[in-house]
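So the protein sequences, as listed, match chains A and B.
The first sequence begins at 1 in the numbering used here and counts up one residue at a time.
The second sequence begins at 1 in the numbering used here and counts up one residue at a time.
From the three backbone atoms N, C-alpha and C, an ideal C-beta is built for every residue, glycine too.
This report refers to the structure that appears directly beneath it.
Protein chains: 2
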Amino acid sequence: MEMMLSTSRPLRADARRNREALLTTARQIFLSGEADTGVEEIARKAGVSVGTLYRHFDTREALIEAVYRQEVDGLCAATAELLDEHAPDDALRRFLLLLVDHAAIGKGMAEALESIMMTDSPVFDDARTRMAQSLDQLLAAGVAATTVRSDVTGRILLRAMGGICEMRATDGWQQEAQQITAILFDGLRVAGH
Amino acid sequence: MEMMLSTSRPLRADARRNREALLTTARQIFLSGEADTGVEEIARKAGVSVGTLYRHFDTREALIEAVYRQEVDGLCAATAELLDEHAPDDALRRFLLLLVDHAAIGKGMAEALESIMMTDSPVFDDARTRMAQSLDQLLAAGVAATTVRSDVTGRILLRAMGGICEMRATDGWQQEAQQITAILFDGLRVAGH
DNA sequence: CCATAAGGTGAATCGGACTCCGCTTGTGTT
DNA sequence: AACACAAGCGGAGTCCGATTCACCTTATGG
Numbered sequence: 001m002e003m004m005l006s007t008s009r010p011l012r013a014d015a016r017r018n019r020e021a022l023l024t025t026a027r028q029i030f031l032s033g034e035a036d037t038g039v040e041e042i043a044r045k046a047g048v049s050v051g052t053l054y055r056h057f058d059t060r061e062a063l064i065e066a067v068y069r070q071e072v073d074g075l076c077a078a079t080a081e082l083l084d085e086h087a088p089d090d091a092l093r094r095f096l097l098l099l100v101d102h103a104a105i106g107k108g109m110a111e112a113l114e115s116i117m118m119t120d121s122p123v124f125d126d127a128r129t130r131m132a133q134s135l136d137q138l139l140a141a142g143v144a145a146t147t148v149r150s151d152v153t154g155r156i157l158l159r160a161m162g163g164i165c166e167m168r169a170t171d172g173w174q175q176e177a178q179q180i181t182a183i184l185f186d187g188l189r190v191a192g193h
Numbered sequence: 001m002e003m004m005l006s007t008s009r010p011l012r013a014d015a016r017r018n019r020e021a022l023l024t025t026a027r028q029i030f031l032s033g034e035a036d037t038g039v040e041e042i043a044r045k046a047g048v049s050v051g052t053l054y055r056h057f058d059t060r061e062a063l064i065e066a067v068y069r070q071e072v073d074g075l076c077a078a079t080a081e082l083l084d085e086h087a088p089d090d091a092l093r094r095f096l097l098l099l100v101d102h103a104a105i106g107k108g109m110a111e112a113l114e115s116i117m118m119t120d121s122p123v124f125d126d127a128r129t130r131m132a133q134s135l136d137q138l139l140a141a142g143v144a145a146t147t148v149r150s151d152v153t154g155r156i157l158l159r160a161m162g163g164i165c166e167m168r169a170t171d172g173w174q175q176e177a178q179q180i181t182a183i184l185f186d187g188l189r190v191a192g193h
């Protein structure tokens with residue numbers, strides 16, 4: 001009998017299945033814009049009970065966090081690729097616009113991204129940190145190429161983007177968001193281009 | 001018997017007193033950072049019952065809106081003065097920083113300002129519109145002086161500021177907010193200074 | 001000083017997140 | 001193949017805060 005109390009033994013088959021169903025269902029719901037769906041309905045649509053939902057996720061917020069960790073992963077994965085294929089400042093610009101695009105996917109998704117970007121909730125700490133790190137990478141590359149000002153942190157930029165994405169759900173918001181992003185980006189570049 | 005059904009006859013004395021007490025109490029509570037105080041407690045501290053609170057304000061949100069309409073008024077009033085005493089682009093810069101300062105007054109206040117700036121809630125429509133108009137004025141002056149780019153609207157800028165103010169309640173947030181604002185402002189100026 | 005409608009009250013309702021406990025089932029063992 | 005039991009599950013019930021409503025109180029104009 002080994003006593004590894006930390007990393008937990010593998011989940012039971014049905015448990016893994018249910019957890020997966022919850023994540024998938026929640027994802028669909030959020031993508032479709034029903035961001036304010038209650039836990040009861042999420043559980044029902046996933047074919048389990050609220051009790052099960054709460055066995056897997058401490059709170060409603062924790063479920064949302066789990067869903068969007070995936071999205072964030074995708075976003076962060078783009079960082080390296082962008083830096084590979086574009087000049088640092090252009091990579092940064094494209095990444096910022098990518099953030100807007102992701103917010104555009106769905107209202108629910110945007111709200112989650114906002115939560116990640118805007119709140120101080122420890123629940124989103126992980127996602128937030130990784131996003132900030134991606135931005136730090138992009139900024140650092142720009143600074144090294146002296147095309148981006150050096151007094152900005154990824155965390156700060158993340159906040160600003162959060163605000164911009166928050167404007168979703170207005171007519172033509174996406175165009176506006178891109179516009180603001182462009183302005184912000186202009187502000188980021190070193191004075192004389 | 002005149003039938004002016006719209007503008008309503010003057011409130012009864014006790015009604016006005018209670019309404020005033022509610023606004024004052026709510027203001028203090030929000031300023032002190034207890035932004036999540038329940039209606040029950042707000043009413044109790046104001047010396048009335050919840051019923052009375054709801055007689056004067058349709059929802060909890062409506063009360064908050066009423067409280068902050070005052071703040072917004074103060075902010076908007078500063079517009080003319082700033083334009084009087086500073087170059088248009090400088091007036092704009094100062095106004096943006098003023099927004100940050102106001103958000104700094106208190107967590108509750110900041111949250112309300114955010115609601116005004118970020119949501120689409122019709123409840124905050126009025127406040128939002130007036131803020132956007134103030135910004136439009138400042139932008140227009142800058143455009144006329146050719147020191148500010150002409151493709152930005154007050155509404156868009158308001159959103160961006162909302163995001164920035166949202167970062168309140170983090171260590172050193174105010175400094176960060178000012179920094180972002182500065183970057184945004186740099187982006188607003190016409191290319192060749 | 002009365003009539004009356006504006007205003008006030010607070011117990012009850014409603015809605016939604018979260019908890020609890022008895023029942024079910026996967027899994028590892030013999 | 002049957003058992004033991006810990007991991008899981010269901011879903012009624014609790015909690016809590018916003019909102020409502022039927023009834024009582026009191027300014028106010030005549």
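Work out the CA separation of residue j and residue i for me, nearest whole Å.
i: residue 142 (chain B); j: residue 71 (chain A); result: 40 Å
i: residue 84 (chain A); j: residue 127 (chain A); result: 23 Å
i: residue 89 (chain A); j: residue 146 (chain A); result: 9 Å
i: residue 159 (chain A); j: residue 180 (chain B); result: 9 Å
i: residue 26 (chain B); j: residue 182 (chain A); result: 39 Å
i: residue 36 (chain A); j: residue 162 (chain B); result: 22 Å
i: residue 79 (chain B); j: residue 155 (chain A); result: 31 Å
i: residue 81 (chain A); j: residue 164 (chain A); result: 24 Å
i: residue 103 (chain A); j: residue 93 (chain A); result: 16 Å
i: residue 44 (chain B); j: residue 67 (chain A); result: 41 Å
i: residue 77 (chain B); j: residue 58 (chain B); result: 27 Å
i: residue 31 (chain A); j: residue 24 (chain A); result: 11 Å
i: residue 148 (chain A); j: residue 73 (chain A); result: 25 Å
i: residue 40 (chain A); j: residue 100 (chain A); result: 31 Å
i: residue 53 (chain A); j: residue 22 (chain A); result: 7 Å
i: residue 175 (chain B); j: residue 14 (chain A); result: 50 Å
i: residue 207 (chain B); j: residue 62 (chain B); result: Given that chain B is displayed from residue 1 to residue 193, the structure contains no residue 207 (chain B) and the question cannot be resolved.
i: residue 125 (chain A); j: residue 55 (chain A); result: 21 Å
i: residue 69 (chain B); j: residue 28 (chain B); result: 15 Å
i: residue 178 (chain B); j: residue 131 (chain A); result: 21 Å
i: residue 133 (chain A); j: residue 86 (chain B); result: 39 Å
i: residue 60 (chain A); j: residue 12 (chain B); result: 46 Å
i: residue 129 (chain A); j: residue 10 (chain A); result: 27 Å
i: residue 42 (chain A); j: residue 64 (chain A); result: 11 Å
i: residue 172 (chain B); j: residue 157 (chain A); result: 15 Å
i: residue 150 (chain A); j: residue 144 (chain B); result: 32 Å
i: residue 38 (chain A); j: residue 140 (chain A); result: 42 Å
Quick one: what's residue i bridged to in DSSP?
i: residue 148 (chain B); result: B:189
List the residues of chain A whose Cβ lies closer than 8 Å to the Cβ of residue i, in chain order.
i: residue 179 (chain B); result: 151, 152, 156
i: residue 172 (chain B); result: The contacting residues do not exist; residue 172 (chain B) stays about 10 Å from chain A at best.
The ligand ADP heavy atoms versus the CB of residue i: any closer than 7 Å?
i: residue 53 (chain B); result: The ligand ADP is absent from the structure shown, which contains no ligand whatsoever.
Mind reading off the beta-carbon distance from residue i to residue j? Whole number of angstroms is fine, and I expect it under 8 Å.
i: residue 247 (chain A); j: residue 152 (chain A); result: Shown here, chain A extends from 1 to 193; a query on residue 247 (chain A) therefore has no answer.
i: residue 185 (chain B); j: residue 75 (chain B); result: Incorrect: roughly 17 Å between the Cβ atoms, too far for contact.
i: residue 91 (chain B); j: residue 135 (chain B); result: Contact doesn't hold; Cβ gap of about 11 Å is too wide.
Run through chain B and tell me which residues come within less than 9 Å of residue i, C-beta to C-beta.
i: residue 176 (chain A); result: 153, 155, 156, 159
Could you work out which residues of chain A lie near residue i, taking near to mean beta carbons separated by less than 7 Å?
i: residue 183 (chain B); result: 152, 184, 187, 188
Using a Cβ cut-off of 8 Å, pull out every chain B residue sitting near residue i, in sequence order please.
i: residue 42 (chain A); result: Going along chain B, no residue has its Cβ under 8 Å from residue 42 (chain A), so there is no contact; the nearest lies around 24 Å.
Which residues in chain B have a C-beta closer than 7 Å to the C-beta of residue i? List them in chain order.
i: residue 29 (chain A); result: Neighbours of residue 29 (chain A) on chain B: none; closest Cβ ~21 Å, over 7 Å.
Inter-stretch contact at 8 Å, needing at least 3 Cβ pairs: the stretch 15-29 of chain A / the stretch 39-50 of chain A: yes
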